[in-house]
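Order-wise, the sequence lines are chains A, B and C.
Heads up, the first sequence is in our numbering, so the first residue is 2 and it goes up one at a time.
Heads up, the second sequence is in our numbering, so the first residue is 257 and it goes up one at a time.
Heads up, the third sequence is in our numbering, so the first residue is 154 and it goes up one at a time.
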Amino acid sequence: MTYKKRYDGRNFTESREIEAKAGVIKRADGSAYFRIGNTVAYAAVYGPRELHPKFMQNPERGILRCSYNMMPFSGQGERVRPGQNRRAREIAMVTEKALLPVLNLENYPNAVVDVFIELPQTDAGSRCAGICAASIALADAGIEMKDLVGAVSVGRVDDKVLVDLDYSEEAHEEGGTADIPIALIPSTGEMTLLQMDGEITKEQLINALNMAKDAILKINIEQKNALKNKFEVVNDE
Amino acid sequence: MSKDSKTNLIRYLSEEKRFDGRKLDEFRQIEIEYNVSKTAEGSARVKVGETEVIAGIKLEMGKPFPDTPDEGALMVGTELLPLSSPDFEAGPPGIEAIEMARVVDRGLRESKAIDNKKLCVKKGEKVWIISVDICTINNQGNLLDVCGLAAIAALKVAKFPGFDGERVDYKTHTDEPVPLLKIPIPVTVFKLSGKYFVDPTSEEEQEYDSRLTVTTIEDGTICALQKGGDAPITVEDVDNMVSIALRKANEIRKSL
Amino acid sequence: MTTQKSELIAKDKKIAVPGEILATGMDFLPSNGTYRLSDKILASKLGVLNVDGKVLKIIPVSGRYFPRKGDVIIGKVVDLNFNGWRVNINCAYEAMLSVKDATSDFIRRGENLTKFFDINDYMVTQIINVTSQNLVDLTLKGMGLKKLYGGRIIEINTHKVPRIIGKQGSMVSMIKEATGCKITVGQNGFIWISGPPAGEILAVTVIKKIESESHQSGLTDKIKEYLDKNRVVPKQTTPVQESENDFEQEEPQSDAQSDFSDEQE
């Protein structure tokens with residue numbers, strides 16, 4: 002038995018339904034809501050602002066500081082204990098690395114741009130959803146950036162290479178799986194996040210990466226629309 | 257905060273006005289949206305003006321406490337997320353978050369809002385443990401009252417997950433609601449320069465002499481109190497503040 | 154050599170998003186908020202596209218205040234040291250007001266500086282210098298620069314400041330007249346309002362309204378109508394002379410207003 006049809010009926014190249022909004026948190030300098038299927042991420046940007054402690058300051062440019070946090074009720078199973086565990090810290094670090102290549106923080110020596118990612122519900126792909134939300138929030142905060150980084154996970158379920166695995170696909174037992182979260186700069190096609198759990202052949206990997214590119218270009222349209230919808234001129238006359 | 261802004265708020269209150277034009281005992285608009293998190297057994301997003309929080313319920317199977325072998329347990333946590341305000345910092349809960357969680361917890365516990373006996377699966381061995389976690393999304397003042405309302409809203413729609421006697425199946429939700437008997441609502445009444453007001457914005461809540469959180473249930477019974485602020489209060493103050501809290505709680509309960 | 158035809162892809166006066174292709178070909182030139190990527194010009198900031206001949210630039214619509222020399226702003230004292238005050242100017246960097254720039258009075262060494270400014274006091278001040286590391290120096294020597302007493306401070310999106318001020322200060326004058334308040338708008342998005350509570354509340358409401366609806370057309374008329382309906386000062390039949398000598402930016406440095414305005418004649 003091979004994995005012929007996806008559990009939720011999607012095409013293998015199709016990501017789940019996306020909903021993106023900018024400016025959802027009034028107190029923040031920039032913010033966003035990003036939903037892909039049943040995975041929901043909020044991102045808030047504060048800054049550029051003063052950085053404490055002082056020894057962390059960089060006199061050449063501003064620094065980016067990300068945090069990733071699952072709300073206690075956002076996991077598929079039992080309650081997630083609050084606080085920064087090793088997984089959350091690693092995801093925060095790779096999120097920073099995924100976003101930094103597009104940002105220009107040279108005008109902000111010694112300052113920090115804080116990005117807080119919070120997930121009220123997850124169904125796999127949460128780090129990618131967090132990155133998508135963070136990109137919108139950074140643009141909303143008026144930060145200079147070459148592009149909106151988009152992210153999605155691709156991978157393998159049994160013998161099929163596919164886009165945007167949900168939790169049930171990640172847990173598919175027969176034939177094994179591979180999960181590859183990817184972040185990409187749409188205008189150049191360069192990748193800024195690449196990780197993998199599982200097993201895959203080289204051919205499948207390259208195939209998966211190309212599928213990710215197409216999926217992220219579609220996600221990018223939603224990200225752009227979120228920002229335009231917030232600011233576009235309304236002609237109500 | 258500056259002397260000026262305190263003087264200014266006093267000037268407003270003496271004309272029976274608030275910084276945003278409300279009356280002294282007027283709440284901002286309340287909006288409640290249920291089941292906003294599919295992974296929670298129950299959840300609610302509560303907006304009061306621009307203040308927004310999400311509360312989620314998780315149910316887990318655990319061992320009862322030795323002194324209450326046939327009763328389940330309740331835990332309340334609040335997280336003042338740095339996402340929701342430039343003033344909140346990352347890290348373990350500060351005293352502000354702890355106070356909020358404990359006041360909300362006390363309201364639920366002391367009112368016996370949840371039928372703890374119904375949470376018992378096997379006496380002395382298996383009981384349901386209810387975790388109420390409240391996360392702030394946007395802080396524009398009066399978080400304690402908003403968190404308390406979100407907690408009860410999430411509990412109201414919470415359903416037990418599947419359980420086969422051994423393991424909890426979080427993929428399935430039964431139709432069985434969490435046994436909620438009462439609706440405790442906390443209302444915090446603030447006092448500044450002899451005037452009482454409720455539901456402050458972030459700007460207004462910097463400037464008070466004292467505050468009293470009064471949690472009440474439908475029949476008017478008071479089930480939790482918490483006095484805060486640096487100034488002392490009199491019996492007369494308590495009389496006035498409880499009256500306001502009772503009236504407001506009845507209004508707020510209608511929004512559920 | 155085949156030269157590709159140059160073409161404007163995005164629309165003038167419309168919102169552009171980072172990474173969006175604004176134009177193709179080599180004829181257009183990238184200016185603020187845009188960059189060239191091979192034969193394309195892309196946006197690098199969120200904002201309104203401005204096409205000036207062949208020059209493309211983005212006028213930002215969001216983001217925190219960035220200090221510029223000459224800006225008249227409102228600041229809040231956050232600390233004192235032996236030769237002056239540290240001031241929060243609503244941006245990533247605190248500014249410094251030294252004693253010599255604060256007053257012409259003779260101040261003895263070691264004198265108690267709180268006599269002049271205490272922590273949490275507000276002031277209308279001007280930026281006299283911004284270093285490469287964004288160290289900001291302030292002065293109080295200039296017309297309209299002063300300490301602010303009483304009143305309320307509100308914070309708005311710094312990019313909306315030109316709309317609050319209006320052409321030659323028309324919008325803010327209209328608000329002052331209808332609310333009976335003194336109003337000073339800082340380029341950094343801090344606004345000081347002082348008057349009777351009812352007037353202050355109306356002023357705050359209207360300013361927030363302008364901030365959130367500034368992208369709509371016919372804003373001035375809408376605000377005028379709103380103010381007339383809710384005014385706290387009875388309407389004058391004769392034009393009121395501006396009695397207040399409050400300093401107010403008529404937004405000479407920023408070109409944002411005219412670029413933004415959908416109400417140009």
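All C-beta atoms in this analysis are idealised placements derived from N, C-alpha and C, irrespective of residue type, glycine included.
As the structure is a computational prediction, the values presented were derived from the model and not from experiment.
| Query | Result |
| --- | --- |
| Less than 7 Å between C-beta atoms, sequence neighbours within five positions excluded: which residues of the same chain meet that for Ala169(C)? | Ala163, Leu175, Ala196, Gly200, Leu202 and Ile211 |
| Three Cβ pairs or more, each shorter than 8 Å: is that satisfied between the stretch 139-151 of chain A and the stretch 53-62 of chain A? | no |
| Answer with yes or no whether the minimum CB distance from Asn275(A) to chain C is below 9 Å. | The displayed coordinates of chain A run from 2 to 238. Any statement about residue 275(A) would go beyond what the structure contains. |
| Report the residues of the stretch 429-460 of chain B with a CB closer than 9 Å to any CB of chain A, ordered along the chain. | Ser458 |
| Would you give the residue range spanned by the beta strand (DSSP E) that Thr96(A) belongs to? | That residue, Thr96(A), is in no beta strand (DSSP E); its alpha helix (DSSP H) goes Arg87 to Leu100. |
| Check whether the Cβ of Tyr218(C) lies closer than 9 Å to any Cβ atom in chain B. | no |
| Report yes or no: is there a C-beta of chain C within less than 9 Å of the C-beta of Thr263(B)? | yes |
| If distances are taken between C-alpha atoms only, which option among Val225(C), Ala255(C), Val325(C) and His368(C) comes closest to Trp238(C)? | Ala255(C) |
| If you draw a straight line from the alpha carbon of Glu397(C) to that of Met324(C), how long is it in whole angstroms? | Model confidence at Glu397(C) stands at a pLDDT of 47, short of 50, so the residue's coordinates are unreliable; what they give is reported in the following sentence. Approximately 16 Å between the Cα atoms of the pair. |
| With distances taken Cα to Cα, identify the nearest neighbour of Pro315(C) among Gly342(C), Lys294(C), Leu266(C) and Lys362(C). | Gly342(C) |
| What are the boundary residues of the beta strand (DSSP E) that Asn506(B) is part of? | Run containing Asn506(B): none in the beta strand (DSSP E); it sits in the alpha helix (DSSP H), Val491 to Arg509. |
| Could you give the distance in angstroms between the alpha-carbon of Asn39(A) and the alpha-carbon of Ser347(C)? | 49 Å |
| Near Glu327(B), what residues of its chain come up, given a Cβ to Cβ distance below 8 Å and the 5 sequence neighbours on each side ignored? | Pro320, Phe321, Asn372, Lys373, Leu375, Cys376 and Val383 |
| Whole-angstrom Cβ separation of Ala357(B) and Val332(B), contact assumed at under 8 Å? | 5 Å |
| Excluding five sequence neighbours on each side, which residues of the same chain lie with their C-beta closer than 8 Å to the C-beta of Ala138(A)? | Ala23, Ala29, Gly31, Ser32, Ala33, Ala44, Ala45, Val46 and Val116 |
| Bridge partners of Cys67(A), per DSSP? | Val116(A) |
| In chain C, which residues lie less than 7 Å from Asp148(A) when you measure between Cβ atoms? | Pro171 and Gly172 |
| So Val41(A) is in the beta strand (DSSP E); what residue range does that whole segment cover? | Thr40 to Glu51 |
| Run through the stretch 176-222 of chain C for me and flag every whole beta strand (DSSP E) of 3 or more residues, listed as ranges in chain order. | 187-190, 193-196, 200-205 and 208-213 |
| Given a cut-off of 9 Å, decide if Val304(B) and Arg284(B) are closer than it, judged by their beta-carbon atoms. | yes |
| Please report the straight-line C-alpha distance between Asp381(C) and Val470(B), rounded to a whole angstrom. | 42 Å |
| Could you say which of Asp401(B), Val413(B) and Ile473(B) lies nearest to Val445(B) if we only look at CA atoms? | Asp401(B) |
| Can a CB atom of chain A be found closer than 9 Å to the CB of Lys313(C)? | no |
| Buried or exposed: where does Pro488(B) fall if 16 or more other Cβ atoms within 10 Å of its Cβ makes it buried? | exposed |
| Closest Cβ-Cβ distance between Leu355(C) and chain A: below 9 Å? | no |
| Start and end of the alpha helix (DSSP H) containing Glu352(B)? | Ile351 to Glu366 |
| Using Cβ-Cβ distances below 8 Å, what residues of the stretch 380-405 of chain B are close to chain A? | Ser387, Asp389, Cys391, Ile393, Asn394, Asn395 and Gln396 |
| Pull up the distance between the alpha-carbon of Thr202(A) and that of Ala209(A), whole angstroms please. | 10 Å |
| Once you ignore the five residues that flank Ser178(C) on each side, which residues in its own chain have a CB closer than 7 Å to its CB? | Going by the sequence as given, residue 178(C) is Gly instead of Ser. Cβ neighbours of Gly178(C) beyond the five flanking positions: Gln157, Lys158, Ser159, Glu160 and Asp192. |
| Please report how far the alpha carbon of Leu437(B) lies from the alpha carbon of Ile328(C), in whole angstroms. | 53 Å |
| So, are the CB atoms of Ile220(A) and Gly151(A) less than 9 Å apart? | yes |
| Residues of the stretch 28-57 of chain A in Cβ contact with chain C at a cutoff of 8 Å, in chain order, please. | Asp30, Gly31, Gly48, Pro49, Arg50 and Glu51 |
| Could you tell me the boundaries of the alpha helix (DSSP H) in which Ala134(A) lies? | Ser127 to Asp141 |
| Can you give the Cα-Cα distance for Gly295(C) and Met249(C), rounded to whole angstroms? | 17 Å |
| Taking C-beta pairs closer than 7 Å, name the residues in chain A that Asn287(C) reaches, listed in chain order. | Pro110 |
| Could you tell me the boundaries of the beta strand (DSSP E) in which Ile515(B) lies? | No answer is possible for residue 515(B): it lies beyond the span of chain B, which begins at 257 and ends at 512. |
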